[in-house]
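Residue numbers (our numbering): 2 to 281. To keep things clear, I will list the structure first and then write my remarks on it.
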Amino acid sequence: MRHTRPNAAHYVVLAVLAVAFLYPIWWAISSSFKPAADIIADPLALGGPTLDNYRAMFADVPIGTGFANTALVLAVKGAMTMIFCPLAGHAFAKYTFPGKNALFGVVLLTLMLPTLVLIIPLLLEMSALGWVNTYQALILPGSVDAFSIFWMRQVIAAIPDELIDAGRVDGASELGVFTRVVLPVIRPGLAALAVLTTMNVYNDFVWPVVAVNDTAHQTLQVVLSTLAQNVTGNRVGADFATVWGELLAAGSIAMLPLLVIFVLLQRHFISGILAGSVKG
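The following block contains the structure:
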């Protein structure tokens, strides 16, 4: 199969697409430093830089609480995903036990269920356990999800059986084989899973807004969704421009963690995506 080298036209097309995707982000961040009135009067003008939108936003919106709750949920839920999903994927990929294929089929079937179908049963379960408006309700549902198990199964299935057998011959226990042989090999896949898990938990809105209705446990996305109400409720006479200025400031701060994580882990993320595409 002959591969063609990219020419100047390819780079032009890529540059245009990059500008089209990055311009809204640049506009949102740059506009967050403009006076609120200028955002509405002339949205495309640069204007003089000011931190008024950020000062007002921190005064009107409990964004710090949202960040803290999201960080707690992400740390605990992410740790559970990164521990238990690789173990489950390893069992499905490298062990033989009765009902293995049927059980894995059930796991895959759950991927076909829309999230909205599961909300009512989950909410009833949380209510029966007395976990509504608690961190348990935010963390436990979905911490060991079908996609992560499937992803890890595909990544681990690509490891040669001879490598695992060599670890057993050397006297390693089954847990030792997993920690000393399997984990070092699947690090790119784990990095990709970490990025995907971070994005899913960080951007999750539907379940947190259903499971929690008090401000003490609201995650960042829920806080952002109620930003306009918080601004108008905390400031008498707040106009449309004020709401937009604080909304852009909050959105700019909210996007920074994911942007930093992706930039730092992009090489591992791409390697992990390619590793997970190998058929086991």
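The C-beta atom is built at its ideal place from N, Cα and C for all residues, glycine as well. Source: prediction; values computed, not measured.
Taking 8 Å as the threshold, find out whether the stretch 38 to 46 comes into contact with the stretch 55 to 70 through three or more Cβ pairs.
Per the Cβ contact rule, the stretch 38 to 46 is not in contact with the stretch 55 to 70 (fewer than 3 Cβ pairs under 8 Å).
H218 vs Y96 beta-carbon contact at 8 Å
Their beta carbons are not under 8 Å apart, which means H218 does not touch Y96 by this criterion.
So what's I205 in DSSP terms, helix, strand or just coil?
Position check: residue 205 holds Asp in this sequence, whereas Ile was assumed. Residue state, collapsed to three classes: coil.
Local Cβ density within 10 Å of W308, reported as buried at 16 or more and exposed below that
The question about residue 308 has no answer here: the residues shown for the chain are numbered 2 through 281.
Pop quiz: V213 and N134 are said to be a contact at Cβ under 8 Å. What is the actual Cβ separation, rounded to whole angstroms?
5 Å
I40 (DSSP reduced to helix, strand or coil)
Taken through DSSP and simplified to helix, strand or coil, I40 comes out as helix.
Contact defined as beta carbons within less than 8 Å: I believe A37 pairs with A192. What is the distance between those atoms, to the nearest angstrom?
Not quite, the Cβ-Cβ distance comes to about 40 Å (not below 8 Å), so this is no contact.
Taking the CB atoms as reference points, tell me whether H91 and I150 lie closer together than 8 Å.
no
Within this structure, are the beta carbons of T82 and T198 separated by less than 8 Å?
In this structure, T198 lies closer than 8 Å to T82 by Cβ.
Quick check on M83: does DSSP put it in helix, strand or coil?
helix
Quick one: Cα of F206 to Cα of L139, how far?
11 Å
Under three-state DSSP, which class holds M127?
helix
At which residues does the alpha helix (DSSP H) containing M113 begin and terminate?
Counting along the chain, M113 falls outside any alpha helix (DSSP H), and DSSP gives it neither H nor E.
In or out: L194 buried (at least 16 other Cβ within 10 Å) or exposed?
Around the beta carbon of L194, 16 or more other beta carbons sit within 10 angstroms, so the residue counts as buried.
Proximity below 8 Å, CB of G168 to CB of R181
Less than 8 Å separates the beta-carbon of G168 from that of R181.
Kindly indicate which three-state DSSP category Q219 falls into: helix, strand or coil?
Looking at Q219 - three-state DSSP - the assignment turns out to be coil, as it is neither helix nor strand.
With a cut-off of 8 Å on the beta carbons, I'd call T116 and L221 a contact; round off their distance for me.
With 8 Å as the limit, T116 and L221 do not qualify as a contact, their Cβ atoms being about 19 Å apart.
Host alpha helix (DSSP H) of Y55 (start-end):
53 to 61 is the extent of the alpha helix (DSSP H) around Y55.
With a 10 Å radius around its C-beta and 16 neighbouring C-beta atoms as the bar for buried, classify M113 as buried or exposed.
exposed
Distance between beta carbons of E247 and A57, contact taken as under 8 Å:
6 Å
With a Cβ-Cβ cutoff of 8 Å, do S33 and S253 count as a contact?
yes
What is the DSSP secondary structure of G252, counted as helix, strand or coil?
Secondary structure at G252: helix, using DSSP grouped into helix, strand and coil.
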